[in-house]
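What follows is one structure encoded as structure tokens, with my remarks underneath.
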Ligand code: FAD
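In the UniProt record's numbering, the protein residues as written are 1 to 491.
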């Protein structure tokens, strides 16, 4: 049985382990933390449960696929429900827009609250679907770094339609042409943040993202997002995958540019192949010190990071809120300018509030709610995070209290905070960026690191910092691409 070692038990690491085990590999996952999941982790404190990172679950079919592959019924492991209401958007002038999953209802809602009409919204969503149809087979489901990927009819057809994916103008430029109302433009520009990018720089190709929510849907896993990690680990263990926790990998061992294994806790562990789920930057700089790293990869711009307040809230402060809520800044361009150009936190940040207790009562004590309050911030480049966090906390509380007409600060009964440094430390993510490299350039999809090393035989990469990119669905697709490569090697 060929031996595979996976470095990291993030969602992509676990998915790779499952796929490889199904193919007959003997798999061991080495994880530096005492728990699996990486960014898809959870926090429990003072009777509250919080999902530590991801809160929006799209494309659950990629998770289900792993169970089906192993001949199991996904519903025996985890269940999730499709949301009717994807998100509530709140604007400073008192307008609120409910983004219904149903496209017609959503279009009517936008028309009722803005100067745009329902037809414009439906056309936009149709365009989003068209971009998905073209990009999905080429940019998401295949390696972009194998000649064979380009030699089939479907890919060639997609490549011929490239101008239709709108890569030559920014999201904001495209959305400002499509819509009249600044509120509608802001709502759709926001999707750039789903992979940590800037709508004023990122190509309009990212307008593909709304299709995921309004076609495939936004989902809520019963028991919270962390149940995805739990379910996948359970499946992996049933497939005889071994998990070694508190086991940071120190070095990837090579002989004549071929992987021979890894070292962890001072011990050598042999392997026929190694998959790194660790951020590609640190895979090179920490684990592969003896080979020359691909400098253009290490220099790539990183995605934004996040500052999260995990607040236990007592009382009815959030009565008007749902699972996903966004409180928009008044000047979106200034906010992104602060994040990307000035590398600081904007004074009037767009605030995301996720309350899983709305659907999962056990996540908070009776009469309370668990508020996951997040703002976009730059990746870590040595800022004074203590000062920035204190200032941001004040701004966020003022904004939420103003919009809700209630004093949020006095309702907080439990609190913890996670910022770029913490994200970086907890998951070894370079500069604490949450989606690997940014998608601000129209070439980003082509420049992201491949899923296989070009110079080291037997070394593969799966996860949000490599092709096809960050976010749970893409991280899962990276595992699928790597598994395809491992299958060919095994033959
Ligand atoms: P990671 O989760 O980073 O896992 C890497 C693992 O490798 C970690 O467990 C780490 O400890 C381990 N590791 C690193 N180095 C070593 C070593 N040397 N030895 C052993 N182990 C090592 N995505 C969405 O789809 N929806 C969302 O709503 C969403 N929101 C997010 C909000 C936040 C605050 C954050 C942080 C992320 C969010 N994401 C979201 C992104 C999503 O979480 C990630 O893209 C995805 O979880 C990445 O998974 P991964 O397997 O690539 O890597």
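Here a beta-carbon is modelled for each residue, glycine too, at the ideal position from N, C-alpha and C. Bear in mind that the values here come from a model prediction, so they are computed numbers and not experimental data.
Item, Value
"Secondary structure at residue 74, three-state DSSP: helix, strand or coil?", "helix"
"Taking residue 128 as part of the alpha helix (DSSP H), name the residues at either end of that continuous run.", "118-135"
"Take residue 201 as the anchor and find which of 209, 208 and 192 has the nearest alpha-carbon.", "192"
"Determine, using beta carbons only, whether residue 373 and residue 4 come nearer to each other than 8 Å.", "no"
"Fully enclosed by the segment 458-482, which beta strand (DSSP E) runs are 3 residues long or longer?", "459-461"
"With the cut-off set at 8 Å, would you say residue 135 and residue 300 are in Cβ contact?", "no"
"Run the CB neighbour count on residue 42, radius 10 Å, all protein chains shown included, and call it buried at 16 or more, exposed below.", "buried"
"Assuming the contact rule is C-beta atoms closer than 8 Å, residue 244 and residue 29 should be a hit. Round their C-beta distance to whole Å, please.", "7 Å"
"Give the single residue among 62, 33 and 50 whose Cα lies nearest to the Cα of residue 18.", "62"
"My guess is that residue 455 and residue 291 are in contact by the Cβ rule of under 8 Å, so how many angstroms apart are they, rounded?", "6 Å"
"Using CA coordinates, which residue listed in 78, 354, 132 and 364 is at the minimum distance from residue 44?", "364"
"Could you give the first and the last residue of the continuous beta strand (DSSP E) run that contains residue 51?", "48-51"
"Could you tell me the alpha carbon to alpha carbon distance between residue 312 and residue 370, rounded to whole angstroms?", "5 Å"
"Could you tell me whether any non-hydrogen atom of the ligand FAD is closer than 7 Å to the CB of residue 317?", "no"
"If we ignore side chains and look at the alpha-carbon of each, how far apart do residue 391 and residue 338 end up?", "14 Å"
"Applying the 10 Å Cβ sphere with the 16-neighbour rule, what's the burial state of residue 382?", "exposed"
"I need the straight-line Cα distance from residue 56 to residue 307, nearest angstrom please.", "16 Å"
"Determine the extent of the alpha helix (DSSP H) in which residue 171 is found, giving its start and end residues.", "171-178"
"What is the DSSP secondary structure of residue 188, reduced to helix, strand or coil?", "helix"
"By Cβ distance below 6 Å, which residues in the same chain neighbour residue 199 in space, the five residues on each side in sequence not counted?", "171, 172, 189 and 192"
"Measuring from the CB of residue 242, is there a heavy atom of the ligand FAD at a distance below 7 Å?", "no"
"Can you give the Cα-Cα distance for residue 58 and residue 104, rounded to whole angstroms?", "20 Å"
"Buried or exposed: which applies to residue 402, given that a residue is buried once 16 or more other Cβ atoms fall within 10 Å of its Cβ?", "exposed"
"Kindly examine the ligand FAD and report whether one of its heavy atoms sits closer than 7 Å to the Cβ of residue 132.", "no"
"Rounded to whole angstroms, what's the CA-CA distance from residue 260 to residue 234? Just pull it up for me.", "28 Å"
"Helix, strand or coil, according to DSSP, for residue 329 in the structure here?", "coil"
"Please confirm whether residue 15 and residue 36 have their CB atoms less than 8 Å apart.", "no"
"Give me, in chain order, the residues of the same chain whose beta-carbon lies closer than 6 Å to that of residue 476; leave out the 5 immediate sequence neighbours on both sides.", "15 and 62"
"Kindly indicate which three-state DSSP category residue 304 falls into: helix, strand or coil?", "coil"
"At a cut-off of 7 Å, is residue 280 close to the ligand FAD when judged by its beta-carbon and the heavy atoms of the ligand?", "no"
"Taking 7 Å as the cut-off, is the C-beta of residue 253 nearer than that to any heavy atom in the ligand FAD?", "no"
"Grouping DSSP H, G and I as helix and E and B as strand, with all else coil, what is residue 258?", "strand"
"In chain order, what residues of the same chain lie with their CB nearer than 6 Å to the CB of residue 21, ignoring the 5 residues before and after it?", "27, 239 and 241"
"Taking residue 290 as part of the beta strand (DSSP E), name the residues at either end of that continuous run.", "It is not in any beta strand (DSSP E) - residue 290 carries neither H nor E in the DSSP assignment."
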